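First comes the structure, then the notes that go with it.
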Amino acid sequence: MKQIKFLILGLLFVVAGFLLGLGVNKDSDTVISDDSASQEEQVRATSMMIDTGDDLLGFNDIAINETETVWTLLSRLSQKSEDLSVSSTDYGELGVLIESINEYQNGADKNYWQYWVNNKYADIAANNYQLQSGDVILWKFTSAKYEQYE
Numbered sequence: 067m068k069q070i071k072f073l074i075l076g077l078l079f080v081v082a083g084f085l086l087g088l089g090v091n092k093d094s095d096t097v098i099s100d101d102s103a104s105q106e107e108q109v110r111a112t113s114m115m116i117d118t119g120d121d122l123l124g125f126n127d128i129a130i131n132e133t134e135t136v137w138t139l140l141s142r143l144s145q146k147s148e149d150l151s152v153s154s155t156d157y158g159e160l161g162v163l164i165e166s167i168n169e170y171q172n173g174a175d176k177n178y179w180q181y182w183v184n185n186k187y188a189d190i191a192a193n194n195y196q197l198q199s200g201d202v203i204l205w206k207f208t209s210a211k212y213e214q215y216e
């Protein structure tokens, strides 16, 4: 019975040591906490998926800046990726309307480009939605009918 207690106690120390070691910077022997690291030092990243109904295109761990919006990110990705083309119209204060992504044009088969952030339907223009680190964006080519389920 004593051996089991020592085994469990030893295992707890190993796990605790491992978890504490996750916050240690290998270059210096100091512990890094989220509070002490400046915003510039922290990498802000997000992910975006685009669902055409036929294909699913994914971009993971995308570095974003403090002023990044859903629109600026989509636009930037389309400039960098050969697999992504976007056309849009800027309606000034009303916002940017995504007209097509990869040849899937708004209105075709009564489907339109809509987006969700962190599984929540976004009800503002993509250029007005400020991104936060860790956000997951889903663009979906789907019917214009949207209902709130509670």
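Quick note on numbering: the numbering used here labels position 146 of the sequence shown as 212, and the sequence is numbered without any gaps. Where a beta carbon is used, it is the ideal one built from N, C-alpha and C, also for glycine. Predicted model only: the values in this text are computed from it and were never measured.
With a CB to CB cut of under 6 Å and the five nearest residues on each side skipped, what residues in its chain are close to residue i?
{"i": "TRP137", "result": "VAL162, ALA192 and ASN193"}
{"i": "SER113", "result": "ASN126 and VAL202"}
{"i": "GLY119", "result": "PHE207"}
{"i": "GLY124", "result": "MET115"}
Ends of the beta strand (DSSP E) at residue i?
{"i": "LYS206", "result": "202-209"}
{"i": "SER147", "result": "That residue, SER147, is in no beta strand (DSSP E); it is neither H nor E in DSSP."}
{"i": "THR112", "result": "111-117"}
{"i": "ASP127", "result": "122-129"}
Report all residues from its chain with a CB closer than 7 Å to the CB of residue i; omit the five preceding and five following residues, and keep chain order.
{"i": "LEU204", "result": "MET115, ASP117, TYR181 and TRP182"}
{"i": "SER141", "result": "VAL152"}
{"i": "ILE164", "result": "VAL152, SER154, TRP179 and ALA192"}
Under 8 Å by Cβ, that's how I've got residue i and residue j pegged, so tell me the actual separation to the nearest angstrom.
{"i": "ASN177", "j": "THR155", "result": "17 Å between Cβ atoms; not a contact."}
{"i": "LEU150", "j": "LEU139", "result": "Incorrect: roughly 11 Å between the Cβ atoms, too far for contact."}
{"i": "TYR195", "j": "THR135", "result": "6 Å"}
Over the uninterrupted alpha helix (DSSP H) stretch that includes residue i, give me the two end residues.
{"i": "LEU197", "result": "Note, LEU197: premise wrong, no alpha helix (DSSP H); not H, not E."}
Taking three-plus beta-carbon pairs below 8 Å as touching, is the segment 168-178 in contact with the segment 189-199? no
Write down every uninterrupted run of the beta strand (DSSP E) in the segment 149-176 whose length is 3 residues or greater and which is fully enclosed by it, in chain order. 152-156 and 162-167
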